[in-house]
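Its first residue numbered 60, the sequence shown is counted upward by one per residue in my numbering.
All C-beta atoms in this analysis are idealised placements derived from N, C-alpha and C, irrespective of residue type, glycine included.
Okay, structure first, notes after.
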Amino acid sequence: MKNPYEVLGITSSATDDEIKKAYREKAAKFADNSKLMDEINWAYDTIVMSRGTTGNNNYSYSGSSDDLGDIRAKLNAGRIDDAEMLLDGIPHQRRSGEWYFLKGSIQQRRGWLESAAESFKKACESDPSNAEFRNAYNNIANARNGDFRRERRTDDNDGCCDSPCKICTGLVCADCCCDCCGGDLIRCC
């Protein structure tokens with residue numbers, strides 16, 4: 060088994076900030092190599108967990124944007140469970156607009172749209188001027204309300220869809236195929 064400190068290229072006496080810096084540098088350098096990224100993520104997680112369980116260096120949530128940045132990086136890398144575990148470990152009194160935004164992003168990826176909308180709404184309420192939070196809330200609200208659909212009717216085609224009608228064309232084509240095989244999908248044609 061490899062030494063997690065060696066994987067990140069640091070010593071066991073490295074500070075929490077040095078560990079984060081080494082992790083970010085390695086992750087940026089090897090982002091395209093999934094095998095190496097798995098190893099880098101394993102090393103980082105192992106170090107963080109060992110420091111958190113043994114009490115060495117008092118590794119815990121500091122309330123800095125770096126901690127949320129690490130969670131965002133895990134989320135962007137598709138490590139949803141890891142991101143959620145770290146996010147849920149943040150004390151309630153320290154949950155900011157970005158915390159709610161990240162929670163909503165996790166919920167949205169899992170398909171929990173109602174919960175995601177509530178989290179995005181709380182993020183917007185916490186920081187109304189943040190465009191990222193507002194866009195996320197608006198996008199999910201539009202999807203929930205069905206506003207993502209476009210009206211297909213126009214005034215010049217008497218309520219039918221666009222001309223030539225794609226549905227009708229598909230049915231006629233299917234009817235021709237069925238006719239060739241001995242069946243008849245549309246009796247009037």
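Neighbourhood of residue i by C-beta distance below 6 angstroms, restricted to the same chain and skipping five residues each side
i	result
P63	A102, T105 and I106
A195	F179
K133	D141 and A142
L95	F89
Selected residue, minimal CA-CA separation from residue i, among the options
i	options	result
E184	G170, A81 and R154	R154
D186	G170, Y159, S164 and I165	Y159
Span separating the alpha-carbon of residue i from that of residue j
i	j	result
K88	S109	25 angstroms
E173	S93	33 angstroms
A136	I165	12 angstroms
The alpha helix (DSSP H) enclosing residue i, as first and last residue numbers
i	result
D75	D75 to K88
W158	G156 to R168
Neighbourhood of residue i by C-beta distance below 7 angstroms, restricted to the same chain and skipping five residues each side
i	result
N189	G156
Q167	A175 and I199
Neighbourhood of residue i by C-beta distance below 8 angstroms, restricted to the same chain and skipping five residues each side
i	result
I78	L67, I69, Y103, I106 and V107
A81	L67, G68, I69 and A73
Can at least three beta-carbon pairs, one atom from the segment 128-145 and one from the segment 172-183, be found at a separation below 8 angstroms?
no
Count the C-beta pairs between the segment 180-189 and the segment 146-153 that are closer than 8 angstroms, then say yes if the count reaches three, no if not.
no
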